[in-house]
Amino acid sequence: MTLRYPDIFPKFTCTGTSCEDNCCKMGWDIEIDENTLDYYRSLGTPLGERLCSSIYEEDGCCYMSQPDGCPFLTGDGLCSVQQECGAEHISDICREHPRFYEWFGDYKEAGLGLCCEEAARLVLTHERPMLFTEKQTDEAPDDLEFSGELLRAVKTVRDRLIDVAQDRGFSVMQRLVILTYCCEDISEAVQDEDCERLKQLSGMLAIDGFRMEIVIQAQNDTEKIKQAGTAEALGRLFGVFGRMEYMGSLGEKFELDAVQAEKMLAAENGFAEGYSPFEHELENVLVYFLYRYFIKCARDFSAEERLYAAVYMTLAVRALFWREYTEKGSLPDLNRRILLVKEFSKEVEYDSDNMDIIYEEIQTTPDMRDTLCSLCRI
Ligand code: SF4
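First residue of the sequence shown? That's 838 in the working numbering, and the numbers climb one at a time after it.
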């Protein structure tokens, strides 16, 4: 098996009892893998009985219900299953979280999910462009079907999209615009499984002059788009995230009236100037969304949704920072930005109903490219 991962992947260590938002307390029902379930059933101890009584079955999978957080967490924040049975007997998901994986036969990708504050810290404080490494492992190949040719073409085009996201010759807003302008062509080629066209597009995206041409074209177009109303585009962005369901207080951050929108627009230049030394944070967030989700279109052909959603979510994260700047008159500090990114990931990216709202918006908005470009205001 070839395993690909970003350079922060091996650096992750769970901060455990010092974590401010311990994932064991989130109240998520977690999937219990078969081996772990068999072990719990074989225990025959009071702990085994408690474990089994918390597990329910749905659609052929078993889950542990924990509406108030994991019932096996001790008062000092440690795992009582690990203490009593050993680390090898906690479930796969408990052992692996926040790591994520994607399998394609003898090729596997890994990364760290932003819903964990330590992973978010590693992503936001990584000042150099994120690098990806491959190594060989002895894991057996996965047997789910896919087209190897399409996967190779999608991987190549995604590499170029990540190159664009990391091209520091452009501002992050300009990089988002380049990605947005390429979306339609890439989406068509993926849907037609036209691997030659994807290779051509990858080649074009590798050329600096091609990227610059798009930015110039977008600047001309944006003049028209700006006149059509950036306030409207901002309202639409907040409207999409504002109609999602949230467990915590993030939803309030996406409630925006016309007066607040005007205040944000008036403060945008100050925000952009103050935030410019930290643009690598948004770059890494964008690279994370591209790396994690775009590859899935090699199976489900949803390149447009994956690419626009990466741009949309990066703009939403920026909008959270920008809104706090507008309200407080100063940038949220690094710890606050890490918290906002972690909350955004936990509440939006890790909630399939909320993600469906983004995908639906993309599918039903005919001028999505213009909406995104007017938000980028290059
Ligand atoms: S959220 Fe991350 S750092 Fe916190 S307990 Fe979970 S894995 Fe550890």
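We put the CB at the ideal spot given by N, CA and C, even for glycine.
- Residue pairing by DSSP places CYS1020 opposite no residue, since no beta bridge is assigned to it.
- Secondary structure at TRP865: coil, using DSSP grouped into helix, strand and coil.
- Here PHE1158 is not near ARG1136, since their CB atoms are 9 Å or more apart.
- Residues of the same chain with a CB within less than 7 Å of the CB of THR1151, apart from the 5 flanking positions on each side, are LEU1013, LEU1119, VAL1122, LEU1123 and PHE1126 in chain order.
- Taken from the Cβ of HIS934, at least one heavy atom of ligand 1 lies inside 8 Å.
- Counting every other CB atom within 10 Å of its CB across the protein chains shown gives GLY864 a total below 16, marking it as exposed.
- Measuring C-alpha to C-alpha distances from ASP979 to each of ASP1170, LEU888 and THR839 identifies THR839 as the nearest.
- For the pair of segments examined, the stretch 1139-1146 was found to touch the stretch 1014-1026: the number of CB pairs separated by less than 8 Å reaches three.
- Take VAL1154, set aside five residues on each side of it, and the residues of its chain with a beta-carbon closer than 8 Å to its own are LEU1119, VAL1122, LEU1177, VAL1178 and PHE1181, in chain order.
- Listed in chain order, the alpha helix (DSSP H) elements of length 4 or more contained wholly in the stretch 1054-1127 are 1087-1090 and 1095-1112.
- ARG1005 carries a coil assignment under DSSP once its states are collapsed to helix, strand and coil.
- For the pair ILE845 and LEU951, the CB atoms are not nearer than the 9 Å cut-off.
- Sorting LEU884, ARG932, GLY914 and LEU1038 by C-alpha distance to the C-alpha of GLU857 places GLY914 at the top.
- In this structure, the C-beta of GLU1030 stays at least 8 Å away from each heavy atom of ligand 1.
- When C-alpha distances from ALA1095 are compared across THR1067, MET1010 and LEU1209, the shortest belongs to THR1067.
- Counting along the chain, ARG936 sits inside the beta strand (DSSP E) bounded by residues 936-941.
- When LEU959, GLY1040 and TYR944 are compared, the shortest CA-CA separation from LEU981 is found for TYR944.
- Assigned with DSSP and collapsed to three states, ARG965 falls in coil, not helix or strand.
- Annotation: the continuous alpha helix (DSSP H) that includes PRO883 extends over 883-890.
- With a cutoff of 9 Å on beta-carbon distance, ALA947 and ARG936 are scored as near each other.
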